[in-house]
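Okay, so here's the structure we're looking at.
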Amino acid sequence: MATVEELLRAGVELLRAAGSETPRLDAELLLARAVGVDRTVVLAHPEAPVTAGSEASFAAELERRADGEPVAYIRGFKEFFGLALASDPRALIPRPETERLVELAEREVVARLSAAARPVGTAPLRIADVGSGSGTVAIALAVLLRRRKMLSEVEILGTDISREALNLAQENAVGHGVADRVRFMEADLLPPVIATPFAIVLANLPYVRTDALPRLPIAASFEPAIALDGGPQGLSLIHGLMGRLPDALEEGGVALLEIGADQADAIEALAHETLPGWRTEVALDLAGQPRVARLEPPRRAGS
Ligand SMILES: C[S@@+](CC[C@H](N)C(=O)[O-])C[C@H]1O[C@@H](n2cnc3c(N)ncnc32)[C@H](O)[C@@H]1O
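As structure tokens, this is what we get:
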């Protein structure tokens with residue numbers, strides 16, 4: 000029987016030759032899956048023998064990865080904010096940089112819910128997650144708020160133009176036990192009529208420029224194009240959402256929009272033009288890159 004170390008070495012070589020950007024990590028994750036253990040177990044036991052059945056599963060999944068398929072689709076899930084979110088070609092694979100959007104969203108919610116006593120019967124804080132995909136932002140935020148015992152004080156609406164993505168999001172919401180506070184709706188950005196505006200609008204919409212799509216790693220070609228293509232300048236959908244914000248946000252509301260690292264100046268210019276008088280700030284991610292635009296409307300006179 001081959002050992003863990005031998006199979007890993009061969010797997011890394013195969014994936015490196017195939018152009019994987021993370022051959023070691025990919026091979027470790029796929030071998031752990033084939034053996035049925037956590038990756039840390041594989042790392043801790045390089046000498047362990049691997050059964051012929053596990054070796055065959057590993058070889059088959061290595062081939063899929065060598066053909067470009069993302070590891071998250073092969074494994075069927077992706078870790079995001081410590082959660083295992085189901086992931087398949089119905090929706091974009093959650094990206095680590097989106098955790099920053101969730102952190103900032105949590106901060107906004109906590110600030111609002113802690114600011115003043117909320118008498119029993121106060122309406123829940125309404126939050127929208129536009130372009131929800133697999134439910135990434137909405138579900139991670141709901142889980143964080145449940146830990147703070149604040150989940151019952153919010154209502155989260157996830158929207159997406161893709162019915163398939165929403166089906167996956169619903170599965171994730173049920174799987175993480177938050178389906179009672181997170182609803183999903185098929186919509187072009189937001190519902191056409193917003194009877195009750197939102198306190199917080201969140202969005203990780205597509206922001207890759209159309210002409211940059213062919214230069215993305217091959218793994219991205221397995222993801223829905225509609226989840227990546229942000230139009231000629233990458234900001235078409237974000238611009239469309241900005242146009243909806245004056246009606247979508249309640250007084251004192253705020254929008255947090257994930258952007259590309261090179262889009263800080265463009266988003267500020269777009270906000271200046273589309274939302275005159277609004278306060279715009281861009282927060283950095285953990286890598287020090289511009290990542291989340293915060294848009295806040297001017298206070299109305301007397302408020
Ligand atoms: C970059 S993905 C992000 C998905 C998810 N928010 C995440 O962070 O993993 C963008 C999502 O926006 C959705 N989308 C694209 N155009 C849209 C539109 N006009 N209205 C609503 N959603 C849209 C896509 O289907 C996709 O699920």
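In this text, residue positions in the sequence shown follow numbering that gives the first Met the number 0: the first is 0, and each later residue adds one.
Idealized CB from N, CA, C, for every residue including glycine.
Comparing alpha-carbon positions, which option in the options lies nearest residue i?
i, options, result
"LEU100", "ALA139, SER133 and VAL119", "ALA139"
"ASP261", "GLN169, THR279, GLU62 and LEU234", "LEU234"
"ARG45", "ARG8, ALA51 and ARG63", "Residue identity differs from the one stated: residue 45 is Pro in this sequence, not Arg. Measuring from the Cα of PRO45, the nearest candidate turns out to be ARG8."
"SER133", "GLY120, ARG106, TYR72 and ILE92", "ILE92"
"GLU222", "ASP87, PHE57, GLU62 and LEU30", "ASP87"
"ALA268", "GLN288, LEU283 and MET241", "MET241"
"PRO191", "LEU244, VAL253 and LYS77", "LEU244"
How about residue i: is its Cβ closer than 6 Å to a heavy atom in ligand 1?
i, result
"ASP159", "yes"
"THR135", "yes"
"ILE237", "no"
"GLY132", "yes"
"THR209", "no"
"ASP246", "no"
"ALA224", "no"
"LEU188", "yes"
"THR97", "yes"
"ASN203", "yes"
"ALA168", "no"
Would you call residue i buried or exposed, if buried means 16 or more other Cβ atoms sit within 10 Å of its Cβ?
i, result
"LYS148", "exposed"
"ALA286", "exposed"
"GLU27", "buried"
"HIS271", "exposed"
"ASP210", "exposed"
"PRO22", "buried"
Roughly how many angstroms separate the alpha carbons of residue i and residue j, rounded to a whole number?
i, j, result
"LEU248", "GLY75", "36 Å"
"LEU212", "VAL108", "34 Å"
"ARG117", "LEU274", "31 Å"
"ASP187", "GLU154", "20 Å"
"VAL136", "ALA194", "23 Å"
"LEU283", "LEU165", "29 Å"
- request: Count the CB pairs spanning the segment 227-244 and the segment 198-208 that are closer than 8 Å, and state whether there are at least three.
  value: Taking a cut-off of 8 Å on C-beta distances, the segment 227-244 touches the segment 198-208, as three or more cross pairs fall below it.
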